[in-house]
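Below: one structure, written as structure tokens.
Chains as they are written, first to last, in our numbering: chain A, 1 to 384; chain B, 385 to 510.
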């Protein structure tokens, strides 16, 4: 199977973020609205041109309905697929399908959250799993800590290697003025941070921030007529085996091992072609698991792979160049911010952290407790 | 088939009713022989001919963490039962445990009701 029929058929022509970090006084929908308006303007379109809406949030049971009403839209096509933080990588695929089928002409993908200023905790609509409740897991961290414990036992991954992931993220964040957590960070500080769920400390956990993001997609032929530099959709794939961590077949291998190859096959690219790798780093273990599962190193080697600044600024592989969920932004669902950074890099708008000749980027979204995995590949005009 | 299975109740309610009687029961598909936990109406293979069997209660620690709050800490473990299925549980008598360690189930009654918990099997014990 090598379906490349969607490769290059759509392009992101507008992208924006809003309220990254702290945005006191703004609701989740107000932040989403700011990002949406800015993304539509960035595309050189008017809000009323949007006739496809794709949204998922942690605070709206019917996100597309709420977005449509708030923005005054009357879309011909809408989809509120919510598979957690990976929803937006899936939305790129769905939007491309809808555009290609002629079901809409301009698709808005959007997200907004005020979880930091609204309470400072991860807001979750997630229903508890009855067979887990008696043991009082504190998800999501308990689930990620369990996976970390297993990875350490099976492959000898160390806390020092987890710390290398956090340090690399901070190194990139220090080059990004939008990043929320900036400043010096030492390995000792990471290793001595407060233990929350063994072996994960506070420094192994993503930020809790506010933030919104939105992007606009159109068919590739139309993208050329719009003012911004188009970022083409090249491929995407999803994979999902479980909801509860109890049911994850192997805690050291995520479904990214399926979604990644699917996306890369559709895009016709391999790991060595990629200039930028954006992976959903809700916890330090995520980066290690996804680099393995997406084929950047063999299974079990992720800990050794991230040592010695290999994924930090100046390293061999550019990973999470915005500073990631660990040091840039994580407003509950982070997936659209992976895309925002890939777009900035491919457009050459990433400032001090800009990678030279960034033409191919992979965005890997993760949702739930290592549950839903969605990978998307984006590229510049040069690779079409 | 027990009387409980003929009742008009779903697998969750039946599991919890057994637990209240002091019995740790899991499901097994007659046609495929596969064991199923947590209880449901369809096995991962698609089999629906599920019936209840007493769990052996023995297994190994597959993964473990210690949740640390300011006032207390408690471990949460994934235990691989010898039947091949995995469940979330805890070792209330231990701070933590080694992955791969042998464990034995017992039913503990808490304020919120009965639950299956595990103890480490000490060296030389059955």
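Where a beta carbon is used, it is the ideal one built from N, C-alpha and C, also for glycine.
Fair warning: this is a prediction, and the values are worked out from it, not measured in the lab.
If we count the other Cβ atoms within 10 Å of its Cβ and call it buried at 16 or more, is residue i buried or exposed?
i	result
residue 285(A)	buried
residue 288(A)	buried
residue 10(A)	buried
residue 192(A)	exposed
residue 371(A)	buried
residue 76(A)	exposed
residue 415(B)	exposed
residue 353(A)	buried
List the residues that DSSP assigns as beta-bridge partners of residue i.
i	result
residue 330(A)	Its beta-bridge partners do not exist; DSSP assigns none.
residue 238(A)	374(A)
residue 266(A)	BP columns for residue 266(A) are empty, so no partner.
residue 319(A)	277(A)
residue 255(A)	Paired residue(s): none; residue 255(A) is not in a bridge.
Given residue i, which residues of its chain have a CB within under 7 Å of its CB, disregarding the five upstream and five downstream residues?
i	result
residue 167(A)	185, 187, 190 and 312
residue 406(B)	491
residue 4(A)	266 and 268
residue 310(A)	316 and 317
residue 251(A)	146, 147 and 150
residue 400(B)	none
Does the Cβ-Cβ distance between residue i and residue j come in under 8 Å?
i	j	result
residue 267(A)	residue 339(A)	no
residue 36(A)	residue 110(A)	yes
residue 322(A)	residue 179(A)	yes
residue 306(A)	residue 364(A)	no
residue 409(B)	residue 436(B)	yes
residue 498(B)	residue 431(B)	no
residue 234(A)	residue 52(A)	no
residue 240(A)	residue 373(A)	yes
residue 207(A)	residue 330(A)	yes
residue 42(A)	residue 72(A)	no
residue 500(B)	residue 444(B)	no
residue 276(A)	residue 361(A)	yes
Who are the near neighbours of residue i in its chain, counting only those whose CB is closer than 6 Å to its CB and skipping five residues on each side?
i	result
residue 299(A)	292
residue 1(A)	Because the pLDDT of residue 1(A) is 47, which lies under 50, any placement of that residue in the model is unreliable, and the number read from its coordinates should be weighed accordingly. Cβ neighbours of residue 1(A) beyond the five flanking positions: none.
Kindly indicate which three-state DSSP category residue i falls into: helix, strand or coil?
i	result
residue 498(B)	strand
residue 181(A)	coil
residue 480(B)	coil
residue 172(A)	helix
residue 411(B)	strand
residue 386(B)	Caution applies to residue 386(B), whose pLDDT of 49 falls short of 50 and renders its modelled position unreliable; the value that the coordinates give is listed next. DSSP places residue 386(B) in coil when its eight states are reduced to three.
residue 505(B)	coil
residue 1(A)	Residue confidence is low: residue 1(A) scores 47 on pLDDT, short of 50, so the model does not pin down where it sits. Its coordinate-derived value is still stated next. Residue state, collapsed to three classes: coil.
residue 457(B)	strand
residue 7(A)	coil
residue 492(B)	strand
residue 113(A)	strand
residue 290(A)	helix
residue 91(A)	helix
Ignore the nearest five residues each way along the sequence and tell me which others in residue i's own chain have a CB closer than 8 Å to its CB.
i	result
residue 224(A)	230
residue 70(A)	29, 32 and 33
residue 420(B)	410, 411, 412, 413, 427, 428, 434 and 469
residue 384(A)	8, 220 and 232
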